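Notes for the one structure printed next.
Take a look at the structure:
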């Protein structure tokens with residue numbers, strides 16, 4: 231278990247511009263029960279025991295983090311700015327005192343509480359101690375406590391996707407993406423799985439937006455297991471991201487799903503496309519393919535459509551015994567497929583080539599290319615079939631409807 235650095239690749243992104251979380255830190259439990267404390271001490275070495283005594287102090291029958299006041303008097307509570315913190319979200323009023331009820335606090339809230347001066351002990355600033363504490367709480371208890379990580383949102387109001395139009399608050403869709411990214415980081419940091427080993431498939435998403443989220447203020451996200459119990463290499467995922475701004479909860483997103491080893495996921499996600507289905511290709515696929523002949527010649531051609539049995543090209547050279555077609559996919563490189571029969575259409579503007587027999591590797595590569603980059607364009611095996619003239623745009627669809635009465 232390691233608190234990994236945040237990188238685009240770890241968050242399943244290609245660009246730093248797409249990364250929406252930053253400043254990840256450990257967020258320790260602020261309260262421990264007497265049973266938890268006794269179990270920790272019983273399983274701890276002398277050095278670990280000293281660390282625990284340095285971090286937690288007695289409070290009632292249990293322990294409390296030194297950074298946090300167990301109680302706040304009504305007078306001290308009045309010194310806190312009500313705009314900056316809603317004390318009732320973390321404490322309950324008992325007579326003339328507020329008593330801590332939360333088991334985890336946002337780091338921003340802890341900083342605000344430190345304004346109360348003598349009620350707070352010196353803050354824990356040693357990240358190494360926090361890392362050791364994370365391990366102790368997850369391994370020396372049965373069941374272990376899952377760690378909680380704090381993230382800050384990188385809210386760029388110039389973001390090319392979430393702020394294409396002006397928003398007077400942070401868009402809800404952006405909060406979902408922030409939670410997704412933070413959960414990817416959390417999974418790879420805590421579960422024993424590494425990036426590229428597994429696929430995480432979402433089955434359920436439960437969202438609560440309690441307040442509007444303001445662009446002008448810091449947004450903190452706490453992520454942990456929904457039940458806060460530690461699991462190593464689990465087969466299911468159940469994480470909760472809690473959003474806090476100005477010392478109060480503003481949103482909560484719970485994600486449930488499955489974790490599957492990547493080879494198994496790829497086998498299950500293989501699609502058997504009908505041979506009569508043709509596809510246009512996305513911008514990630516170069517529109518220019520490289521046609522090769524049996525003498526080693528290479529000719530650039532325009533790829534119009536692709537299927538599992540052939541390809542349609544615009545104006546390739548008419549002569550030559552062509553051997554294969556190279557298709558370049560952004561991020562994946564070239565896919566080379568063998569060609570056999572060639573059939574010109576009546577107008578001579580397009581040519582259909584059939585693929586020669588594909589081996590298992592080539593067939594899988596072609597399936598993945600179509601699955602990830604193809605758009606269904608019609609069902610036909612003949613270039614002059616009416617089905618081939620599949621409407622490309624809404625305007626063309628309307629025109630066809632008018633012509634058909």
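Residue numbers (our numbering): 231 to 635.
The beta-carbon is built from N, C-alpha and C at its ideal position, and this holds for glycine as well.
Nothing here was measured: the structure is a model prediction, and the numbers come from that model.
When secondary structure is reduced to three states using DSSP, residue 555 falls in the strand class. As computed with DSSP, residue 434 is found in a beta bridge with 486. Under the Cβ criterion (8 Å, minimum of three pairs), the stretch 250–258 counts as touching the stretch 372–385.
By the Cβ test, the stretch 485–501 is in contact with the stretch 418–434, since at least three Cβ pairs between them sit closer than 8 Å. Per DSSP, residue 532 is one residue of the beta strand (DSSP E) stretching across 528–536. Taking the C-beta atoms as reference points, residue 417 is found nearer than 8 Å to residue 467.
Going by DSSP, residue 522 is part of no alpha helix (DSSP H) but of the beta strand (DSSP E) stretching over 518–523. Residue 568 holds the alpha-carbon nearest to the alpha-carbon of residue 586 among 568, 508, 475.
With respect to residue 412, residue 559 sits apart: the two C-beta atoms are not nearer than 8 Å.
Distance between residue 501 and residue 601, taken at the CA atoms: about 7 Å. Ranked by Cα distance from residue 493, the first of 345, 608, 291, 594 is 594. Distance from the CA of residue 403 to the CA of residue 472, rounded to the nearest whole angstrom, comes to 15 Å. Considering only 248, 536, 319, 313, the residue with the shortest C-alpha distance to residue 332 is 319. In this chain, the beta strand (DSSP E) harbouring residue 380 covers 379–383.
Beta-carbon to beta-carbon, residue 463 and residue 518 are separated by about 44 Å, too far to satisfy the 8 Å threshold. Pairing residue 551 with residue 524 gives a Cβ-Cβ distance under 8 Å. Rounded to the nearest whole angstrom, the CA to CA distance from residue 336 to residue 495 is 36 Å. Between residue 384 and residue 234, the C-beta spacing is not below 8 Å. For the pair residue 274 and residue 262, the CB atoms are not nearer than the 8 Å cut-off. Looking at the DSSP output, residue 454 bridges to 470.
Sixteen is the threshold: when 16 or more other Cβ atoms of the shown chains lie within 10 Å of the Cβ of residue 299, as they do, the residue is buried.
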